[in-house]
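Peer 1:
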Amino acid sequence: MMRVFAAVLTCAMFSGSAIAANPWEKFDEPTSGPASSIGSYANGCLVGGEALPLEGDGYQVIRTSRERYYAHPLMIDYLVELAKENKRLGNGDLLIGDMSMPRGGRFTSGHSSHQTGLDADIWLRIGDKQYSRKARENLSPYNVVDMQNYKIKAQKWTNEHAQMVQLAATDKRVARIFVHPVIKETLCKADWPEGRDWLRKVRPWFGHNYHMHVRLHCPKGDESCTPQAAPPAGDGCGKELYSWWPKPKSEQEKKKEQEQLLLAKSTTKKPAKPVYKDQLKLKPLRCQDLVTGTLQ
Ligand SMILES: [Zn+2]
-13 MMRVFAAVLT CAMFSGSAIA ANPWEKFDEP TSGPASSIGS YANGCLVGGE
37 ALPLEGDGYQ VIRTSRERYY AHPLMIDYLV ELAKENKRLG NGDLLIGDMS
87 MPRGGRFTSG HSSHQTGLDA DIWLRIGDKQ YSRKARENLS PYNVVDMQNY
137 KIKAQKWTNE HAQMVQLAAT DKRVARIFVH PVIKETLCKA DWPEGRDWLR
187 KVRPWFGHNY HMHVRLHCPK GDESCTPQAA PPAGDGCGKE LYSWWPKPKS
237 EQEKKKEQEQ LLLAKSTTKK PAKPVYKDQL KLKPLRCQDL VTGTLQ
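Under the numbering used here, think of the first position of the sequence shown as -13, with each following residue one higher.
#1: Which residues in the same chain have their Cβ closer than 6 Å to the Cβ of Ser26, if we skip the five residues on either side of it in sequence?
#2: Taking 8 Å as the cut-off, decide whether the C-beta atoms of His58 and Leu104 are in contact.
#3: Checking the sheet assignment: what are the DSSP bridge partners for His100?
#4: Just mark Thr102 as buried or exposed, buried being the case when its beta carbon has 16 or more other beta carbons within 10 Å.
#5: By the three-class DSSP mapping on this structure, what secondary structure does Ala(-7) have?
#6: Please go through the same chain and pick out, in chain order, the residues whose beta-carbon is closer than 8 Å to the beta-carbon of Gln46, but skip the five residues on each side of it.
#7: Cβ of His58 within 7 Å of any heavy atom in ligand 1?
#8: How big is the Cα-Cα spacing for Gln274 and Phe164?
#9: Out of Gly224, Tyr64, Asp107, state which residue places its alpha-carbon closest to the alpha-carbon of Lys175.
#10: State the start and end residues of the unbroken alpha helix (DSSP H) segment that holds Met162.
#11: Less than 8 Å separating the beta-carbons of Met150 and Asn77?
#12: Under a Cβ-count criterion, where at least 16 other Cβ atoms within 10 Å of its own Cβ denotes burial, should Phe192 be classed as buried or exposed?
#13: Output yes or no for whether 8 Å exceeds the beta carbon distance between Val200 and Ala106.
#14: Which same chain residues end up closer than 6 Å to Asn129 when comparing Cβ atoms and leaving out the 5 residues on each side of it in sequence?
#15: Is Asp107 near ligand 1, with its Cβ less than 7 Å from a heavy atom?
#16: Report all residues from its chain with a CB closer than 7 Å to the CB of Glu71; omit the five preceding and five following residues, and keep chain order.
#17: Please check the pair Pro167 and Trp230, which I expect to be a contact at CB under 8 Å, by giving their CB distance rounded to whole angstroms.
#18: From this set, Pro88, Met87, Leu65, Pro179, which residue's C-alpha is nearest Gly42's C-alpha?
#19: Quick check on Lys269: buried or exposed, where buried means 16 or more other Cβ atoms within 10 Å of its Cβ?
#20: Give me the Cα-Cα distance between Asp132 and Lys139, rounded to the nearest whole angstrom.
#21: One question on the structure: do Asp177 and Ser22 come within less than 8 Å of each other, judged by their Cβ atoms?
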């Protein structure tokens, strides 16, 4: 009984503080010790993380002031090697966006994954020159999808992009790469004489029209890391992909939307701040120890 009460109390305390101030944001440095990705991609933390040097051969880190350039050493090695190989093929620099915070955990804003040091965003804007760190703070990303017509922007999407996704996905360390459904469709329609197996890992997901999101497998032998089920068999270029397309709205739905819009305009009440459900999730025990300082 006591234990149940203690667990509930810990949960309440942890949830409360997670909403008031995100405790994961306060860490400036990773913990020392052997690297471990604890929990799942969207509910976990990182021990023994490493910082990616802010610029390197074939890549530049974007918005470094956010300090989201930490990851499991496996991800650091992967990115460094990917950038080198991409450059060797004659392509521009990879612009690296969000990775993880020094000890992982949930970002206060933005995506819910990136918590265990095994996720990284790579922009679909390609670095055509060396930008200063200051310039990289304000660089704007490129949207490669015409959202109105659900088509790729022919003037923005290049072979270099396609090659970049292929190269990134072909690596054995990669579990999944998320791109906008329209990008996946574009890749599906292209000719790949060296094989299409890697397309299985390229998964359609909304919001990935400015960047692709690379997710690595759990490190071998890391029992604390919760893997994700493998993507369905096949290249994922058929029916499943098109289930992501917007469905035409019925007259009744359009009318309802119009009414809601008018209602929103007429009311002065400010909408409530969204509370992310996963901020309320109870973290794995080792992550709780990490955040309370019990585990250094
Ligand atoms: Zn991401």
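All residues carry an ideal CB built from backbone N, CA and C; glycine is no exception. From a predicted model like this one, the values you see are computed outputs, not experimental measurements.
Peer 2: By the coordinates alone:
#1: Thr212
#2: yes
#3: DSSP output for His100 lists no bridge partner at all.
#4: buried
#5: Since pLDDT at Ala(-7) reaches only 40, below the 50 mark, its modelled position is unreliable, and the value read off the structure follows with that caveat. In this structure, Ala(-7) counts as helix in the three-state DSSP scheme.
#6: Leu40, Asp79, Leu80, Leu81, Ile82, Gly113, Gln116, Tyr117, Arg122
#7: no
#8: 29 Å
#9: The shortest C-alpha separation from Lys175 is found at Gly224.
#10: Sequence inspection shows Arg at residue 162; the Met mentioned does not correspond to that position. Where Arg162 is concerned, there is no enclosing alpha helix (DSSP H), although the beta strand (DSSP E) it sits in stretches over 160 to 165.
#11: yes
#12: exposed
#13: yes
#14: Non-local beta-carbon contacts of Asn129 in its own chain, meaning distances under 6 Å to residues more than five positions away in sequence, involve Asn195, Tyr196 in chain order.
#15: Asp107 Cβ: within cutoff of ligand 1.
#16: Leu153
#17: At roughly 4 Å, the Cβ-Cβ gap stays under 8 Å, so Pro167 and Trp230 are in contact.
#18: Leu65
#19: buried
#20: So the two alpha carbons sit approximately 6 Å from each other.
#21: When the beta-carbon positions are compared, Asp177 and Ser22 stay at least 8 Å from each other.
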